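In the numbering used here, the protein residues as written are 297 to 564.
In structure tokens form, the structure reads like this:
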């Protein structure tokens, strides 16, 4: 791993189009292929990176690391700059067992140096992951995390029953436009303040941020199925394709049109 200060970081390189394959399933998204530069973004997911050549990661404090492997904490602002690479990128919902396992970082979760340190035992993994069927990538990564990270792989504690009911109600409301906390709270029989507290504690982010994250996941699934951006935006409850594009930039650092050269696997 090489750490650069803002003054000596590598200069820009030509952009290349992201292209490869992806697997989208409840709780995780796996991308394998060419990784290019992104804008600054943050997503409600623990991100695992394993690349064949170094990738430049920059955190919100402008610290830059060049590394072939990293574990980036959920909701941490970052961007990719400079070199492109062939890589595997796994996004895990932190409320899942896999996300909690991967997201146990000791130290400042917004420090890029910690991300690289947390991924140190994955530096040789990219070659192996490139040869596996994409459906086997996540089990292999979790095996490595347990074997080298000292984790016991214990299961996630069960969610409060009201959280499960609230999540189901949010899913029902998403395609229809606005999803309001007071409406969901009334459905599950809690005050808005109590439900907001439970959702933040058990899902890892506030109500509005969770709704936005789920809309984006739904839109990606529709794009993966071959629908237009406009149709995908409406299916997920975005106002229009421009709203979807802005949200995609904030969350992944790229426009949803970047998915055009990504082949999605969505089956079992």
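Where is the CB? At the ideal position from N, CA and C, for every residue including glycine. Just so we're clear, the structure is a prediction, and the values are computed from it rather than from any experiment.
| query | result |
| --- | --- |
| Under 8 Å Cβ to Cβ from residue 566, same chain only, skipping five residues before and after it: list those, please. | Since the first residue shown for the chain is 297 and the last is 564, residue 566 is missing from the structure and cannot be characterised. |
| Closest to residue 293 by CA distance: which of 525, 515, 411 and 461 is it? | Here the chain comprises residues numbered 297 to 564, so residue 293 is not present and cannot be evaluated. |
| So, are the CB atoms of residue 550 and residue 315 less than 8 Å apart? | no |
| Which value, in whole angstroms, describes the spacing of the CA atoms of residue 459 and residue 497? | 10 Å |
| Look at the alpha carbon of residue 486 and the alpha carbon of residue 349, and state the distance between them as a whole number of angstroms. | 50 Å |
| Where do the N-terminal and C-terminal ends of the alpha helix (DSSP H) with residue 488 fall, by residue? | 488-499 |
| Find the nearest neighbour of residue 365 within the set 548, 334 and 410, judged by alpha-carbon distance. | 410 |
| Could you please give the first and the last residue of the uninterrupted alpha helix (DSSP H) stretch that includes residue 355? | Segment 342-355 is the beta strand (DSSP E) holding residue 355; no alpha helix (DSSP H) there. |
| What is the C-beta distance between residue 331 and residue 383, in whole angstroms, given that I count them as a contact (C-beta under 8 Å)? | 5 Å |
| With a Cβ-Cβ cutoff of 8 Å, do residue 326 and residue 386 count as a contact? | yes |
| When we look at the beta-carbon of residue 511 and count the other beta-carbons within 10 Å, is it buried (16 or more) or exposed? | buried |
| What ranges does the beta strand (DSSP E) occupy inside the segment 356-410, keeping only unbroken runs of at least 3 residues that lie completely in it? | 360-368, 374-377 and 381-388 |
| Where do the ends of the beta strand (DSSP E) carrying residue 318 lie? | 315-321 |
| Looking at residue 372 and residue 406, is the spacing between their C-beta atoms short of 8 Å? | yes |
| Check the C-beta distance from residue 417 over to residue 548 and give it rounded, since I have them as a contact under 8 Å. | The pair is not a contact, with the Cβ atoms about 26 Å apart (cut-off 8 Å). |
| Quick check on the DSSP output: the alpha helix (DSSP H) that includes residue 461 runs from which residue to which? | 457-469 |
| Would you grab the beta carbon distance between residue 537 and residue 526 for me? Rounded to a whole angstrom, and I think it's under 8 Å. | 5 Å |
| If I'm right that residue 422 touches residue 346 with Cβ under 8 Å, what's the distance once you round it to whole angstroms? | 4 Å |
| In whole angstroms, what separates the C-alpha of residue 394 from that of residue 517? | 21 Å |
| Among 358, 456 and 519, whose alpha-carbon lies nearest the alpha-carbon of residue 541? | 519 |
| Of the residues 554, 399 and 323, which one's Cα is nearest the Cα of residue 389? | 323 |
| What is the rounded straight-line gap between the Cα of residue 432 and the Cα of residue 358? | 35 Å |
| Given residue 317, which residues of its chain have a CB within under 7 Å of its CB, disregarding the five upstream and five downstream residues? | 328, 329, 430, 558, 559 and 561 |
| From residue 552 to residue 381, what distance separates their C-alpha atoms? | 20 Å |
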